[in-house]
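Here's the structure we're looking at; comments come further down.
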DNA sequence: CCAATATGTAATCATCGATTACATTTGGCG
DNA sequence: CGCCAAATGTAATCGATGATTACATATTGG
């Protein structure tokens with residue numbers, strides 16, 4: 006019988022109807038949301054995300070989560086959805102500072118923001134990367150946030166091509182190469198490759214910058 | 006009492022001493038090896054690799070594997086070691102066909118062989134990529150095979166620089182960018198990204214080729 | 001030959017995902 | 001208001017897994 010935090014034996018009377026912040030009216034306020042947050046936090050702590058531990062943190066029985074998620078993957082899909090949303094928000098925020106007229110600068114900023122978020126939220130990045138939760142949860146939100154980011158770089162490259170800045174006319178190829186580069190870099194960090202490459206923790210972000218600049222120099226018309 | 010294949014009640018007498026291929030002399034011939042192979046096969050089948058299932062396939066009790074591997078991660082580390090060895094062998098075989106005098110052609114061939122192996126052995130590639138088993142098993146072999154591959158591209162780029170073929174003098178940056186590119190591409194495939202990019206199964210290898218060529222054109226002196 | 005060691009077995013634990021039967025709360029409808 | 005159905009939570013339980021322990025058997029070297 007492990008860890009039961011909140012005793013909650015008292016207060017068996019009902020309390021108002023549907024207030025948001027109140028003293029846990031026996032029926033949980035919004036368990037679904039709380040479970041997603043708990044799972045996000047678990048991941049951020051580097052722990053395994055288990056349904057039971059999320060339930061424990063929500064001070065709820067082990068079976069309760071299954072009222073809101075048909076199985077673990079469904080919970081993880083919801084977690085992925087939230088993480089993907091945050092990811093997109095941060096990328097778009099980073100792009101707000103860059104002049105719309107300079108598509109390659111925007112492309113660069115996108116790549117940097119991408120890698121930075123991945124480095125600072127490794128567990129969340131892994132969850133949205135795995136693709137496992139695209140299949141199972143099939144959330145429209147998740148797919149949408151993701152394709153928005155794809156469309157973003159697509160527009161940048163189209164604009165760059167229109168301005169005659171690119172060496173190659175095969176934009177899709179350039180786009181996928183760019184994505185593979187930043188995804189690969191982010192995953193190398195996530196998967197612990199950099200120690201083997203003699204890249205110290207503190208140098209990784211600078212290295213990301215260098216690598217992205219190298220790539221952009223390579224695709225830009227000389 | 007699930008699935009017990011080999012009856013083996015007979016033959017209770019000892020049989021020669023240390024022959025390799027014989028009729029299972031009660032004490033398993035080389036359980037360690039058999040467990041690694043079973044785990045490799047499980048992974049290749051797309052199944053979860055569990056210690057128990059490996060034991061089942063070796064027709065051995067659930068506790069037996071722990072005589073050879075202190076825990077599941079130790080088994081996985083051994084699996085990673087074997088997969089990494091095969092990976093290295095295949096890459097080096099692919100390079101045997103390319104003239105030593107053309108470092109960029111070799112660099113290209115390396116990248117292609119890298120992505121191809123990853124595509125054809127996705128589960129094994131994932132195991133050697135995760136980096137989780139570098140830490141736990143800390144096998145010298147694994148580390149060695151890996152750094153051999155790193156050294157390989159390092160030499161190629163040094164040679165290319167010596168021949169004046171490269172735009173950038175920062176070879177480490179070029180090397181890491183190239184690795185991030187192929188690793189990212191391989192993982193995009195592994196993680197199921199390409200359907201979202203409208204790249205059909207059959208087009209992926211060609212796309213890999215295009216992406217690698219694009220990268221090499223970018224780093225080569227015009 | 002025999003005893004120390006290596007290797008395998010049986011039994012057992014704790015944890016986890018998942019399901020089922022039951023309890024309680026909530027909200028809508030007469 | 002009062003009651004009933006739906007929503008939501010609990011308790012108990014299942015089967016699978018990683019792991020440990022006590023015990024059994026085979027191998028091998030002195």
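Protein chains in written order, with our numbering: chain G, 6 to 227; chain L, 6 to 227. The C-beta atom is built at its ideal place from N, Cα and C for all residues, glycine as well.
Is the stretch 149-166 of chain G touching the stretch 185-192 of chain L, taking contact as three or more C-beta pairs under 8 Å? No, they do not touch.
Pull up the distance between the alpha-carbon of residue 91(L) and that of residue 85(L), whole angstroms please. Residue 85(L) has its alpha-carbon roughly 10 Å from the corresponding atom of residue 91(L).
Roughly how many angstroms lie between the CA atoms of residue 57(G) and residue 37(G), to the nearest whole one? Distance between the alpha carbons of residue 57(G) and residue 37(G) is about 14 Å.
By the DSSP assignment, the alpha helix (DSSP H) with residue 218(G) in it spans what residues? Taken as a continuous stretch (DSSP letters only), the alpha helix (DSSP H) holding residue 218(G) covers 209-224.
Residue span of the alpha helix (DSSP H) that contains residue 73(L), given as start and end: Under the DSSP assignment, residue 73(L) falls outside any alpha helix (DSSP H); it carries neither an H nor an E label.
So, using beta-carbon positions, are residue 217(L) and residue 117(L) closer together than 8 Å? Going by C-beta atoms, residue 217(L) is nearer than 8 Å to residue 117(L).
Suppose contacts are defined by Cβ-Cβ distances below 8 Å. Is residue 223(L) in contact with residue 181(G) by that definition? With respect to residue 181(G), residue 223(L) sits apart: the two C-beta atoms are not nearer than 8 Å.
Between which two residues does the alpha helix (DSSP H) holding residue 45(L) run? Run containing residue 45(L): 36-49, per the alpha helix (DSSP H) assignment.
Would you mind giving the Cβ-Cβ distance between residue 165(L) and residue 104(L), rounded to the nearest angstrom? I have them listed as a contact below 8 Å. Cβ atoms of residue 165(L) and residue 104(L) stay farther apart than 8 Å, at about 13 Å.
Alpha carbon of residue 198(L) to alpha carbon of residue 189(G), nearest angstrom: Taking the straight line from one Cα to the other gives about 13 Å.
Taking the C-alpha atoms as reference points, what is the distance between residue 226(L) and residue 179(G)? Rounded to whole angstroms, the separation of the alpha carbons of residue 179(G) and residue 226(L) is 19 Å.
Does the structure place the stretch 48-66 of chain G close enough to the stretch 124-132 of chain G that three or more beta carbon pairs sit under 8 Å? Enough Cβ pairs lie closer than 8 Å, so yes.
Report, in whole angstroms, the separation of the C-beta atoms of residue 221(G) and residue 113(G), which I expect to be a contact under 8 Å. Confirmed, Cβ separation roughly 6 Å.
According to DSSP, which residues form a beta bridge with residue 171(L)? According to DSSP, residue 171(L) bridges with 225(L).
With burial defined as no fewer than 16 other Cβ atoms inside 10 Å of the residue's Cβ, what is the status of residue 192(G): buried or exposed? Its Cβ being crowded by 16 or more others within 10 Å, residue 192(G) is buried.
By a C-beta neighbour count over all protein chains shown, 10 Å radius and 16 as the cutoff for buried, is residue 156(L) buried or exposed? Here residue 156(L) is exposed: its Cβ has fewer than 16 other Cβ atoms, across all protein chains shown, within 10 Å.
Note down, in chain order, each residue of its chain lying with its Cβ closer than 6 Å to the Cβ of residue 119(G), except the 5 sequence neighbours on either side. The beta carbon of residue 119(G) sits closer than 6 Å to those of 187, all from its chain and outside the five residues before and after it, given in chain order.
Note down, in chain order, every chain G residue with its Cβ under 7 Å from the Cβ of residue 228(L). Chain L is shown only over 6 to 227; residue 228(L) falls outside these bounds and no answer can be derived.
Run of the alpha helix (DSSP H) containing residue 184(G), from where it starts to where it stops: That run of the alpha helix (DSSP H) goes 176-195.
Helix, strand or coil for residue 103(L), going by three-state DSSP, please let me know. In the three-state scheme derived from DSSP, where H, G and I count as helix and E and B as strand, residue 103(L) is classed as coil.
is_contact[residue 138(L), chain G] using C-beta, thresh 8 Å: Chain G contact via Cβ: absent.
Is residue 190(L) close to chain G? Criterion is C-beta to C-beta, closer than 8 Å. So, interface residue.
How big is the Cα-Cα spacing for residue 145(L) and residue 139(G)? CA-CA distance, residue 145(L) to residue 139(G), rounds to 37 Å.
If contacts are defined as beta-carbon pairs under 8 Å, then residue 69(G) and residue 39(G) qualify, I think. What distance do you get, rounded to the angstrom? With 8 Å as the limit, residue 69(G) and residue 39(G) do not qualify as a contact, their Cβ atoms being about 10 Å apart.
Opening and closing residue of the alpha helix (DSSP H) in which residue 56(L) lies: Counting along the chain, the alpha helix (DSSP H) containing residue 56(L) begins and ends at 56-62.
If you follow the alpha helix (DSSP H) that residue 122(G) is part of, which residue opens it and which one closes it? For residue 122(G), the enclosing alpha helix (DSSP H) stretches over residues 108-125.
Can you pull the chain L neighbours of residue 132(G), defined as C-beta to C-beta under 9 Å? For residue 132(G), no chain L residue has a Cβ inside 9 Å of its Cβ, as the nearest lies near 11 Å away.
Indicate whether residue 76(L) and residue 123(L) have their beta-carbon atoms separated by less than 8 Å. In this structure, residue 76(L) sits away from residue 123(L), with a CB-CB distance that is not shorter than 8 Å.
Integer-rounded CB distance, given that residue 196(G) should sit under 8 Å from residue 135(L): Yes, residue 135(L) and residue 196(G) are in contact; Cβ-Cβ is about 6 Å, under 8 Å.
Does residue 52(G) get closer than 8 Å to chain L when you measure Cβ to Cβ? Cβ-Cβ to chain L under 8 Å: no for residue 52(G).
8 Å contact criterion, which residue 33(G) and residue 65(G) should meet: CB distance rounded: With a contact defined as Cβ atoms closer than 8 Å, residue 33(G) and residue 65(G) qualify at about 6 Å.
Is the CB-CB distance between residue 96(G) and residue 115(G) below 8 Å? For the pair residue 96(G) and residue 115(G), the CB atoms are nearer than the 8 Å cut-off.
Within chain L, the residues that residue 202(G) reaches when beta carbons sit closer than 9 Å: Against chain L, the beta carbon of residue 202(G) has neighbours under 9 Å at 155, 177, 180, 181 and 184, listed in chain order.
For residue 209(L), collect the residues of the same chain with a Cβ closer than 8 Å to its Cβ; drop the 5 residues on either side in sequence, then sort them by chain order. Closer than 8 Å at the Cβ level, and outside the excluded window around residue 209(L), lie 124, 194 and 199.
Is it right to say residue 206(G) is buried, meaning 16 or more other beta carbons lie within 10 angstroms of its own, or is it exposed? Classification of residue 206(G): exposed, given that the 10 Å Cβ count is below 16.
Residue 161(L): contacting residues in chain G (beta-carbon distance under 9 Å): Listed by position along chain G, the residues whose Cβ is nearer than 9 Å to that of residue 161(L) form an empty set, because the closest Cβ is around 16 Å away.
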